[in-house]
Amino acid sequence: MTTKADTPPDMLRIAVAQLNPTVGDIAGNIAKIREGRADAARHGADLVLFTELMVSGYPPEDLVVRPAFLEASRKAVEELAAETADGGPAMIVGYPRAENGKRYNSVAVI
Numbered sequence: 143m144t145t146k147a148d149t150p151p152d153m154l155r156i157a158v159a160q161l162n163p164t165v166g167d168i169a170g171n172i173a174k175i176r177e178g179r180a181d182a183a184r185h186g187a188d189l190v191l192f193t194e195l196m197v198s199g200y201p202p203e204d205l206v207v208r209p210a211f212l213e214a215s216r217k218a219v220e221e222l223a224a225e226t227a228d229g230g231p232a233m234i235v236g237y238p239r240a241e242n243g244k245r246y247n248s249v250a251v252i
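Under my numbering, think of the first position of the sequence shown as 143, with each following residue one higher.
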């Protein structure tokens with residue numbers, strides 16, 4: 143296993159977390175993201191890439207027309223962002239969001 147100490151300073155170690163999110167289970171999917179990030183950290187990753195709509199599960203279908211669901215997704219991403227202050231790997235996380243009355247299939251780089 144390679145660690146951050148083994149990585150040259152001009153190199154970025156990227157982990158791809160191919161997890162299986164559950165549609166609509168934001169709390170469960172966030173737990174999977176945390177586990178994936180912790181595993182990537184153990185392997186010396188600087189950045190972890192998660193799947194499309196990892197926070198909400200895919201395909202979210204009619205869930206994205208519910209403002210409360212979109213708000214819960216946004217809050218979950220904010221919680222994850224706060225956790226990156228620990229110095230562990232940054233994350234690219236897919237989630238649905240709304241802005242100015244439109245819905246987007248987005249990613250957060252946190």
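Glycine included, every Cβ here is placed at the ideal spot set by N, Cα and C.
Beta-carbon spacing of Leu-189, Ile-156 below 8 angstroms
Within the sequence shown, residue 189 is the residue found at index 47, counting from 1. Within the sequence shown, residue 156 is the residue found at index 14, counting from 1. Ile-156 is positioned such that its CB atom lies closer than 8 angstroms to that of Leu-189.
Consult DSSP for Pro-238 and reduce its assignment to one of helix, strand or coil.
Indexing the sequence shown from 1 puts residue 238 at position 96. Pro-238 falls in the strand class under three-state DSSP.
State the CB to CB distance for the pair Ile-172 and Val-197, rounded to an integer number of angstroms; the pair is presumed to be in contact (CB under 8 angstroms).
Mapped onto the sequence shown, residue 172 falls at position 30. Mapped onto the sequence shown, residue 197 falls at position 55. Indeed they touch by this definition, with Cβ atoms about 7 angstroms apart.
Alpha carbon of Lys-217 to alpha carbon of Met-153, nearest angstrom
What you label residue 217 is simply residue 75 of the sequence shown in a count that begins at 1. What you label residue 153 is simply residue 11 of the sequence shown in a count that begins at 1. Each residue's alpha carbon lies about 32 angstroms from the other.
Along the chain, where does the alpha helix (DSSP H) that runs through Val-219 open and close?
Translated into the one-based positions of the sequence shown, residue 219 becomes position 77. Looking at the DSSP string, the run of the alpha helix (DSSP H) that includes Val-219 is 209–225.
From Pro-238, Pro-201, Gly-166, Pro-209, pick the residue whose C-alpha is nearest to that of Val-219; which is it?
Here residue 219 refers to the residue found at position 77 when the sequence shown is read from its first residue. With distances taken between Cα atoms, Val-219 lies closest to Pro-238.
Could you tell me the boundaries of the alpha helix (DSSP H) in which Ala-258 lies?
Beyond the ends of the chain as shown, which are 143 and 252, falls residue 258; an answer cannot be given.
Put Asp-206 into one of helix, strand or coil per three-state DSSP.
Looking up residue 206 in the sequence shown gives position 64. Looking at the sequence itself, residue 206 is Val, so the reference to Asp does not match. Looking at Val-206 - three-state DSSP - the assignment turns out to be helix.
Would you kindly work out how many angstroms separate the C-alpha atoms of Ser-215 and Ile-168, rounded to a whole number?
Here residue 215 corresponds to residue number 73 of the sequence shown, with the count starting at 1. Here residue 168 corresponds to residue number 26 of the sequence shown, with the count starting at 1. Each residue's Cα considered, the two are about 7 angstroms apart.
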